[in-house]
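Add 172 to the 1-based position in the sequence shown for this note's numbering, that's all there is to it. Each remark here refers to the structure printed beneath this line.
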Amino acid sequence: MNQILSDSLLLVGKVIRPHGKGGLLKISSYARSEVSFLDAGTVFLRPVSGEIHEFRVTSVNAHKNAFLMRLKNLASKEEAEEFKGAEILINKDTLVREEGECFWYELLGIKVYLDIGDYLGSVSHIISAGSNDIYVVREGDKEIFIPATHEVVKEIDLENEKMIISAMEGLLDLNEV
């Protein structure tokens, strides 16, 4: 059951530690905001043991550079301690997509082409870099860093797993060492 469930889940954060005595969790979030957890309504915690536990989210609030999350039926520090370091997952079906938005997990592995047709490689990972993300495109031992901006990324076709980028002068030169 865990494997079937795992295929429909998306990693959105990690439990740092319990916070206080009432079962509150301090978490590190990979999601856009705390709204992602509230929209999902239910989170799945996967501690190191690998067994997935389902909880209803009752609140999530910003706290310094993290979030504090309260889950139904997690009422004590001792209960929360069991989930220290656990992965936080949500069901992919609960994600709220804005117009033209792509999620990172959808871009991993997508093939990248210049608008003149040259194949560059596929997205191996994504770096969050403040004002915009950076797509790391790999082909063999070669890596290219592509800024995720509208000026550079011209088209993302998820159905055909293809990204078209502008062959802007100097873009690929920046990647040569």
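Using N, Cα and C, we set each Cβ at its ideal position, and we do this for glycine too. This structure is a prediction, so every number in the text was calculated from the model and none was measured.
Legend entry - In DSSP terms, what LYS198 is bridged to: The residue labelled residue 198 in the question sits at position 26 within the sequence shown. Beta-bridge pairing links LYS198 to ARG189 and LEU240.
Legend entry - Other residues of its chain near ASN227: CB distance less than 8 angstroms, five sequence neighbours each side excluded: Within the sequence shown, the letter at position 55 stands for residue 227. Sequence check: residue 227 is Phe here, not Asn. If we look at PHE227 and ignore the five residues flanking it on each side, its Cβ neighbours are THR214, VAL215, PHE216, LEU217, LEU243, LYS244, ASN245 and LEU246.
Inset, instruction - Determine the contact status of LEU261 and LEU182, defining contact as a CB-CB distance below 8 angstroms. - result: Position 89 of the sequence shown, counted from the first residue, corresponds to residue 261. Position 10 of the sequence shown, counted from the first residue, corresponds to residue 182. Taking 8 angstroms as the Cβ cut-off, LEU261 and LEU182 qualify as a contacting pair.
Inset, instruction - Count the other C-beta atoms from every protein chain shown that fall within 10 angstroms of the C-beta of TYR291, then say buried if there are 16 or more, exposed otherwise. - result: Reading the sequence shown from its first residue, position 119 is the one you call residue 291. Only exposed fits TYR291, as fewer than 16 other CB atoms lie within 10 angstroms of its CB.
Legend entry - For LYS256, the first and last residue of its enclosing beta strand (DSSP E): In the sequence shown, residue 256 corresponds to position 84, counting from 1. Where LYS256 is concerned, there is no enclosing beta strand (DSSP E), because DSSP gives it neither an H nor an E.
Legend entry - Contacts around ARG350, its chain only, beta-carbon distance under 6 angstroms, and the 5 residues preceding and following it disregarded: The structure shown has nothing for residue 350, since the chain only spans 173 to 349.
Legend entry - Three-state secondary structure (DSSP) of THR230: The residue labelled residue 230 in the question sits at position 58 within the sequence shown. Collapsing the DSSP output to three states places THR230 in a strand.
Inset, instruction - Quick one: which unbroken alpha helix (DSSP H) runs of 4-plus residues sit fully inside the stretch 246-316? Chain order, please. - result: List check, alpha helix (DSSP H) in window: 249-253 and 276-279.
Inset, instruction - Work out the CA separation of ALA320 and ALA339 for me, nearest whole Å. - result: Position 167 of the sequence shown, counting from 1, holds the residue named residue 339. Position 148 of the sequence shown, counting from 1, holds the residue named residue 320. Rounded to the nearest angstrom, the gap between the Cα atoms of ALA339 and ALA320 is 14 angstroms.
Inset, instruction - Grab the span of the beta strand (DSSP E) containing VAL220 for me, first residue to last. - result: On the sequence shown, position 48 is the one that residue 220 refers to. Per DSSP, VAL220 is not a residue of any beta strand (DSSP E), being assigned neither H nor E.
Legend entry - Inter-residue Cα distance where the pair is ASP265 and HIS235: Numbered from 1 along the sequence shown, position 93 holds the residue referred to as residue 265. Numbered from 1 along the sequence shown, position 63 holds the residue referred to as residue 235. Straight across, the Cα-Cα distance linking ASP265 with HIS235 is about 27 angstroms.
Inset, instruction - Identify whether LEU210 lies in helix, strand or coil by the three-state DSSP scheme. - result: Reading the sequence shown from its first residue, position 38 is the one you call residue 210. In the displayed model, LEU210 falls within a helix according to three-state DSSP.
Inset, instruction - Assuming PHE239 contacts SER294 (C-beta within less than 8 angstroms), just tell me the rounded distance between them. - result: Translated into positions along the sequence shown, residue 239 becomes position 67. Translated into positions along the sequence shown, residue 294 becomes position 122. Incorrect: roughly 32 angstroms between the Cβ atoms, too far for contact.
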